[in-house]
Amino acid sequence: MACLTLLLSGVLTFIVVTVYSISTEDSLKLQTNIIPEHYDIDLTLNMEENVFVGHNHYFFEILAKTQTISMFSEELGIVSAKMNMYHKYNEPITSFNYTIVGYIYDNENHTISLTFREKIPPGKYTLIVKYSGVIDDKLDDESKGGFRRVFLTEKEGVMWLSATHFNPIWARRIFPCWDPSKKATFEIFIEHPKEYTILSNMPMQVNEHEYNNNIRRTKFDSTPAMSPYHVSIVITNFVRNFIFENDIVSMWCKMQSSSSVQFALTITRNITLYLKEEWKHLQQFPDVNYIVIPGFQELDKSVANLGIIIYK
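Right, dumping it as structure tokens:
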């Protein structure tokens, strides 16, 4: 019975997320003359210090002359930003730079506006932003999204899972972004300790060691066009359960729970494959990862995004 409850809640979560996004997007608007095309989200995680650093590239088009560019940003410390002109997302960037002369924060609306020395003509541009943020340990109703850490104390030591917890206005706590209604493609790069596994909306493309201090850099395939709050990132030391090695459906849990999720995994896999066949747009996200946290009372509901579902 518990397995069927788990399964049905997963099906409903796809529907709830879709409906919720439609009802909230209209109130979140910035400049109408900027159209984002692609985000490169590049994060370095420092789990011991509860912080992360971002070094992102934004590819977008300006439709009308402007001297400012505004983005949503909440509780992120902007270190630097620079902008270049470019011709196309996957083509070399030209050498012409636009000088940023000031940053204006709006704490009420959670925006940052970049002011330039000269007016910028219509065209395609890339914006490079460096910033820092905090991993949140709060798991109550006051928590406002971003990375949220979950501690599970076991005999072997402390296990934990940290995941992005987004609704339409909370992606801004992980990376500066534009309106939820302005969809773009996303490519995710995460630098992290090698003992942890990184999951995201899309399959992993590259997982390679970096430097000589047990740091690994994980890169994921580019997503289809989607809203910023649909980006999902999970950092965990849970174990993967699967039917076939290269299966598109995986269930992640504590090692001690692996035997008890096998039946749920079998049923969930069958229904996931059925839904992907019925709802063709889901095939744009090849893998589905279910993260199971049994008995964790602080998590009072499931958290879902395209390709990632977290259960109590």
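Throughout the sequence shown, residue numbering follows mature numbering (1 follows the signal peptide of the UniProt record, and there is no 0), covering -21 to -1, 1 to 291 in sequence. Positions of the beta carbon are idealized from the N, C-alpha and C atoms, including for glycine. The model shown is predicted, which means the values in this text are computed figures rather than measured ones.
At what residues does the alpha helix (DSSP H) containing residue i begin and finish?
i, result
"residue 312", "The question about residue 312 has no answer here: the residues shown for the chain are numbered -21 through 291."
Check residue i in the structure and name its three-state DSSP category.
i, result
"Leu254", "helix"
"Thr202", "coil"
"Val240", "helix"
"Lys44", "coil"
"Glu135", "Because the pLDDT of Glu135 is 46, which lies under 50, any placement of that residue in the model is unreliable, and the number read from its coordinates should be weighed accordingly. Correct three-state label for Glu135: coil."
Compare the Cα-Cα distances from residue i to each of the options and report the closest residue.
i, options, result
"Arg152", "Ser111, Glu174 and Pro172", "Ser111"
"Ile99", "Ser179, Asn12, Pro155 and His36", "Asn12"
"Pro265", "Ser239, Tyr84 and Gln184", "Gln184"
"Tyr37", "Met62, Asn25 and Ile169", "Met62"
"Gln235", "Thr245, Phe217 and Asp226", "Phe217"
"Leu42", "Arg248, Val271, Tyr82 and Tyr104", "Tyr104"
"Phe221", "Thr197, Trp231 and Gln46", "Trp231"
"Leu244", "Asn225, Tyr269 and Gln263", "Tyr269"
"Ile114", "Val32, Tyr84 and Glu40", "Val32"
"Phe165", "Glu27, Thr23 and Phe39", "Phe39"
"Thr215", "Ile287, Asp226 and Ile57", "Ile287"
"Ile57", "Gln46, Ile289 and Gly81", "Gly81"
"Arg196", "Leu22, Tyr18 and Leu9", "Leu22"
"Thr90", "Glu256, Met181, Tyr18 and Pro155", "Pro155"
"Lys162", "Tyr175, Ile250, Leu106 and Ala204", "Ala204"
Tell me the residue span of the beta strand (DSSP E) that contains residue i.
i, result
"Met181", "No beta strand (DSSP E) contains Met181, which DSSP labels as neither H nor E."
"Val24", "The displayed chain sequence assigns Leu, not Val, to residue 24. Its beta strand (DSSP E) spans residues Ile13 to Asn25."
Using only the alpha-carbon positions, how far apart do residue i and residue j sit?
i, j, result
"Arg96", "Pro207", "29 Å"
"Ser(-1)", "Val210", "Because Ser(-1) sits at a pLDDT of 38, beneath the cut-off of 50, its placement in the model cannot be relied upon, and the point is left open."
"Lys173", "Ile14", "36 Å"
"Phe51", "Ser239", "42 Å"
"Ser252", "Val267", "According to the sequence as given, residue 252 is Leu; it is not Ser. Distance between the alpha carbons of Leu252 and Val267 is about 10 Å."
"Asp200", "Thr94", "33 Å"
"Asn193", "Glu170", "10 Å"
"Ile212", "Lys44", "35 Å"
"Leu178", "Arg219", "11 Å"
"Ile20", "Asn35", "5 Å"
"Asn284", "Leu24", "21 Å"
"Lys233", "Asp85", "42 Å"
In the DSSP assignment, what residue or residues form a beta bridge with residue i?
i, result
"Thr105", "Phe38 and Asn63"
"Arg219", "Trp231"
"Glu166", "Asp19"
"Asn268", "Ser229 and Ile287"
"Asn76", "Asn63"
"Ile91", "Met50 and Tyr84"
"Val113", "Val30"
"Ile246", "None, per the DSSP bridge assignment."
"Ile99", "Thr45"
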